[in-house]
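>
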Amino acid sequence: MKNLRRALLILLALSMLLTMVACGNNTPAASTAPEEKKDTPPAAEPKKEFLIGMSQCNLGEPWRVAMNDQIAAAAAQYPEFKVVFSDAAQDNSKQVADVENFIQQKVDLLIISPNEAKPLTAVVKKAYDAGIPVIVLDRKVEGDAYTSFIGGDNKLIGKKAGEYVAKVLGEKGGNVVEVKGLEGATPQQERHDGFLEGIASNPNVKIIASQNCDWLRDKAITVMEAMLQANKDIDVVYGHNDPAAEGAYIAAKNAGREKEMIYIGIDALPTPDGGIKSVMEGRISATYVYPTGGKDAIESAYRLLVKGETLEKNVTLGTIEVTKDNAAEIYKQFGGK
Amino acid sequence: MSTKRLEDKLNSGLAGKLGQIKVPDIIKRSQSFFGLILVVLAASIFCVRDGENLFLNPVNIANVVRSVSENGIMAIGMTLVILIGGIDLSVGAILGLTATAAADLMMHRAFGFGTTVIAVLLLGIAFGFFNGLISTKLSVQAFIVTLASMSIARGLARFWSGGIGIPITYGNEPNLAPQAYGILAERIWGVPVPAICFLVLGIIFSILLKSTRFGRYVYAIGGNETAAHLSGIGINRVKIAIFTISGALCAIAGMIHAAQLSQGSPNDGIGYELNAIAAVAIGGTSLAGGKGTMVGTLVGALILGILDNMLGLKNVNNNLQLVVKGVIIIIAVVLQKERKAD
Numbered sequence: 061m062k063n064l065r066r067a068l069l070i071l072l073a074l075s076m077l078l079t080m081v082a083c084g085n086n087t088p089a090a091s092t093a094p095e096e097k098k099d100t101p102p103a104a105e106p107k108k109e110f111l112i113g114m115s116q117c118n119l120g121e122p123w124r125v126a127m128n129d130q131i132a133a134a135a136a137q138y139p140e141f142k143v144v145f146s147d148a149a150q151d152n153s154k155q156v157a158d159v160e161n162f163i164q165q166k167v168d169l170l171i172i173s174p175n176e177a178k179p180l181t182a183v184v185k186k187a188y189d190a191g192i193p194v195i196v197l198d199r200k201v202e203g204d205a206y207t208s209f210i211g212g213d214n215k216l217i218g219k220k221a222g223e224y225v226a227k228v229l230g231e232k233g234g235n236v237v238e239v240k241g242l243e244g245a246t247p248q249q250e251r252h253d254g255f256l257e258g259i260a261s262n263p264n265v266k267i268i269a270s271q272n273c274d275w276l277r278d279k280a281i282t283v284m285e286a287m288l289q290a291n292k293d294i295d296v297v298y299g300h301n302d303p304a305a306e307g308a309y310i311a312a313k314n315a316g317r318e319k320e321m322i323y324i325g326i327d328a329l330p331t332p333d334g335g336i337k338s339v340m341e342g343r344i345s346a347t348y349v350y351p352t353g354g355k356d357a358i359e360s361a362y363r364l365l366v367k368g369e370t371l372e373k374n375v376t377l378g379t380i381e382v383t384k385d386n387a388a389e390i391y392k393q394f395g396g397k
Numbered sequence: 314m315s316t317k318r319l320e321d322k323l324n325s326g327l328a329g330k331l332g333q334i335k336v337p338d339i340i341k342r343s344q345s346f347f348g349l350i351l352v353v354l355a356a357s358i359f360c361v362r363d364g365e366n367l368f369l370n371p372v373n374i375a376n377v378v379r380s381v382s383e384n385g386i387m388a389i390g391m392t393l394v395i396l397i398g399g400i401d402l403s404v405g406a407i408l409g410l411t412a413t414a415a416a417d418l419m420m421h422r423a424f425g426f427g428t429t430v431i432a433v434l435l436l437g438i439a440f441g442f443f444n445g446l447i448s449t450k451l452s453v454q455a456f457i458v459t460l461a462s463m464s465i466a467r468g469l470a471r472f473w474s475g476g477i478g479i480p481i482t483y484g485n486e487p488n489l490a491p492q493a494y495g496i497l498a499e500r501i502w503g504v505p506v507p508a509i510c511f512l513v514l515g516i517i518f519s520i521l522l523k524s525t526r527f528g529r530y531v532y533a534i535g536g537n538e539t540a541a542h543l544s545g546i547g548i549n550r551v552k553i554a555i556f557t558i559s560g561a562l563c564a565i566a567g568m569i570h571a572a573q574l575s576q577g578s579p580n581d582g583i584g585y586e587l588n589a590i591a592a593v594a595i596g597g598t599s600l601a602g603g604k605g606t607m608v609g610t611l612v613g614a615l616i617l618g619i620l621d622n623m624l625g626l627k628n629v630n631n632n633l634q635l636v637v638k639g640v641i642i643i644i645a646v647v648l649q650k651e652r653k654a655d
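As they're listed, the protein sequences go chains B and C.
Position in the first sequence counted from 1, then plus 60, gives you my numbering.
Position in the second sequence counted from 1, then plus 313, gives you my numbering.
1) Could you please give the first and the last residue of the uninterrupted beta strand (DSSP E) stretch that includes F209 (chain B)?
2) Got a sec? Which residues, its chain only, sit under 6 Å from V593 (chain C) by beta carbon, not counting five neighbours each side?
3) Are the CB atoms of D302 (chain B) and L329 (chain B) within a distance shorter than 8 Å?
4) Can you look up E121 (chain B) in the DSSP assignment and give me helix, strand or coil?
5) What number of angstroms, rounded off, separates the C-alpha of G484 (chain C) from the C-alpha of S452 (chain C)?
6) Output yes if chain B places a C-beta closer than 8 Å to the C-beta of I477 (chain C); else output no.
7) Could you tell me whether any Cβ in chain B is nearer than 8 Å to the Cβ of P480 (chain C)?
8) What is the C-beta distance between K240 (chain B) and S208 (chain B), in whole angstroms, given that I count them as a contact (C-beta under 8 Å)?
9) Grab the span of the beta strand (DSSP E) containing V236 (chain B) for me, first residue to last.
10) Applying a beta-carbon distance threshold of less than 7 Å, which residues of chain B neighbour D417 (chain C)?
11) Just to confirm my understanding: we take F145 (chain B), look at its own chain, exclude 5 residues before and 5 after, and list those with CB closer than 7 Å. What are they?
12) For the alpha helix (DSSP H) containing Y298 (chain B), list its first residue and its last residue.
13) Within the 8 Å Cβ cut-off, does S146 (chain B) reach chain C?
14) Skipping 5 residues on each side, what residues in its chain have a beta carbon closer than 8 Å to that of P371 (chain C)?
15) Kindly list, in the order they appear in chain B, the residues whose Cβ is closer than 8 Å to that of D401 (chain C).
16) Closest Cβ-Cβ distance between T383 (chain B) and chain C: below 8 Å?
17) Residues bridged to Q116 (chain B) by DSSP?
18) Where in the stretch 428-495 of chain C do unbroken runs of the alpha helix (DSSP H), each at least 4 residues long, occur, reported from the N-terminal end onward?
19) Between A126 (chain B) and chain C, is the shortest Cβ-Cβ distance under 8 Å, so that the two count as touching?
20) Does DSSP classify P303 (chain B) as helix, strand or coil?
21) Taking C-beta pairs closer than 8 Å, name the residues in chain C that A157 (chain B) reaches, listed in chain order.
22) Could you check which residue in C:C563, C:A561, C:G535 and C:L562 has the C-alpha nearest to that of V551 (chain C)?
23) Confirm the yes/no value for this check: CB of E318 (chain B), any heavy atom of the ligand PLP, distance under 7 Å.
24) Could you work out which residues of chain C lie near P247 (chain B), taking near to mean beta carbons separated by less than 9 Å?
25) Would V225 (chain B) and V236 (chain B) be called neighbours here (beta carbons separated by less than 8 Å)?
26) Nearest CA to the CA of L470 (chain C): which residue from C:V381, C:I350, C:D581 and C:K627?
27) Check whether the Cβ atoms of I642 (chain C) and I595 (chain C) sit closer than 8 Å, and answer yes or no.
28) Can you list the residues of chain C that E109 (chain B) reaches, using a CB-CB cut of under 7 Å?
29) Mind checking if R362 (chain C) is an interface residue toward chain B, Cβ cutoff 8 Å exclusive?
30) Closer than 8 Å is the cut-off here; do at least three beta carbon pairs connect the stretch 361-381 of chain B with the stretch 149-157 of chain B?
31) Please state the DSSP three-state secondary structure of R317 (chain B).
32) Taking the beta carbon of T539 (chain C) as the centre, do at least 16 other beta carbons fall within 10 Å, making it buried, or is it exposed?
33) Which whole-angstrom value is the C-beta distance of G625 (chain C) and A182 (chain B), which I expect to be below 8 Å?
34) Counting only runs that start and end within the stretch 581-649 of chain C, where is the alpha helix (DSSP H) found for 4 or more residues in a row?
35) To which residues does DSSP link K142 (chain B) through a beta bridge?
36) Smallest Cα separation from I310 (chain B): which of B:V167, B:L288, B:H300 and B:D293?
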């Protein structure tokens, strides 16, 4: 069947070329003004369209899917903004290449949520030094070669979670197992440190075990199973995000021990599989709204690119504690269906 | 419907008419070069914005050759392993382990540049030697041995560093890394140092394969192991040497990786073995062993890198990128079968 194979070769070539043409995002028409300096107002002729590159570190976490969705929804309000997304699938090298590609395309703004701080610092600096303004979301880079950082206050959230646990456990205190996020990411360290501050007021509350689950539910199930085996007396599960808490709940349920402990999560996404719904359905006891900052990033982009304002270097977003008492109301407030 | 009738139907239809187009013999033989030209052409044509060619400019080409270097270096070792009919699934894990080791030795144990390079190379060699030894002397299939050592290397890396990445900062104090190591992240006259390493290693092993006795042994073993054995070639020695070389090359890739990301992380390199195998397959090496060239692999690695770059510059959805890659690999292997049949 030699002819068939030769045909495949030619069909391959054609289909590849067609794929490129069809699937690639058509870049906007030629713009007039040359590249501006990062923080100063634009020159006399305003640009008609802006290309924004959003480098996401992974889309395995529902929270990050929500971040991208919120960015897209916010950008849809501004016809002059075109946002293109890249997904690094948790690989630092891939994210470096993604940012390099954005630099090549001379994007007007880079929004990035870096996989890890250190490996991405150099390439973000490259973009910043090349005159591309940079908005960093949620996870930090090192140094200060960026225009604006927008993130929640993970330390505060951890502290509030700790204070909740200290209050709920009362004088007797209790044992806490911690299902942490991804080791190299700053939010995980801050949520841990904040939690320790929060429980400091109650010396009878102890963290007896702590494992990473990389923010993922399936990994959380596995690590929780191990911690259940090793610890017979658990009162609280502190998950660094809602998928971690949910995974721990599933593991406990499989072992028939889910009623022995309460579950704390973070994120409180208003989605059907999110933390708020979980609180309403009685699995998670308390979760904390961790805003993605997607909408704020686009609003900042508008202020910087179109109105020519200077952005604050560090923007901290607030949080809300979600428990049985206010879950339904918060769910509706954030547009949950 | 009988096969003959099916064939006739296909041959007389559109597929058949396309197949009648005479693909020149030279293109069939050097199919990987043809693929490279095709991919470069496609990238040059489609990655244009505002009249500027995003692909064909020095910075982007430098980015591309840098990004293929680690995979390319591992693919060199993988070519040798596949040529003798084996496979090495541990390359990604060894990269992670050696990257972690390099960072730890320099940052926590005050190793200098030379001592770090030697120590990390020895680590890679040790793993490679282990792979070779177990697969030959204990007659365990290469697939199984390297699958196991992938797990061992990954676990060791995580245990060594406590599961976290070890950041690399340069300086003169004992708890900082030697400045010389930073060369692996630099560019010389715009050419990234990893690309220079890849090129040099590629040339060395290309010559090794084509023009030395060792290279002839490799092809002999891969082509017909029994015949090679009967003609007096020390099969086990060659195989152990090849796995050891693969381990050493992974160590080099690991050191480059750590320098590029300024950290040695035990979680890096996951899935890298698939890219290395893909480069070898696209380069025209048969996974059954005995047939293929080093140059083909180098071209295969480039094709993968240019594909990634092109899809990235066009902002194609990451998931579609994976689909395209998979399709390309299948078709490349199918075409290589045709070459064997000719």
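No residue lacks a Cβ here, since even glycine has one placed at the ideal position from N, Cα and C.
Computed from a predicted model, the values in this text were never measured in an experiment.
Walking through what the data contain:
1) S208 to G212
2) A388, M391, T392, I395 and T610
3) yes
4) coil
5) 48 Å
6) yes
7) yes
8) No, K240 (chain B) and S208 (chain B) are not in contact; Cβ-Cβ is about 28 Å, not under 8 Å.
9) First-last of the beta strand (DSSP E) with V236 (chain B): G234 to K240.
10) Residues of chain B passing the Cβ test: none, with the nearest at roughly 15 Å.
11) M114, Q116 and N128
12) First-last for Y298 (chain B): V296 to G299, but that is the beta strand (DSSP E), not the alpha helix (DSSP H).
13) yes
14) G503
15) Ordered by position in chain B, no residue passes the 8 Å Cβ test against D401 (chain C), which lies about 20 Å from the chain.
16) Not one chain C Cβ lies under 8 Å of T383 (chain B).
17) B:D147
18) 455-474
19) False, the Cβ-Cβ gap to chain C never drops below 8 Å.
20) helix
21) By Cβ distance, chain C contributes N376, S380, D621, N622 and G625.
22) C:G535
23) This structure does not include the ligand PLP; it has no bound ligands of any sort.
24) Neighbours of P247 (chain B) on chain C: none; closest Cβ ~15 Å, over 9 Å.
25) yes
26) In the sequence under discussion, the amino acid at residue 470 (chain C) is Ala, which differs from the Leu named in the question. It is C:D581 whose Cα lies nearest to the Cα of A470 (chain C).
27) yes
28) Per Cβ cutoff of 7 Å: no residues; E109 (chain B) is ~11 Å from chain C at best.
29) yes
30) no
31) coil
32) A residue is called buried once 16 or more other Cβ atoms fall within 10 Å of its Cβ, and T539 (chain C), having fewer, is exposed.
33) No, G625 (chain C) and A182 (chain B) are not in contact; Cβ-Cβ is about 18 Å, not under 8 Å.
34) 585-595 and 607-626
35) Looking at the DSSP assignment, K142 (chain B) forms a beta bridge with B:L111.
36) Ranking B:V167, B:L288, B:H300 and B:D293 by Cα distance to I310 (chain B) puts B:L288 first.
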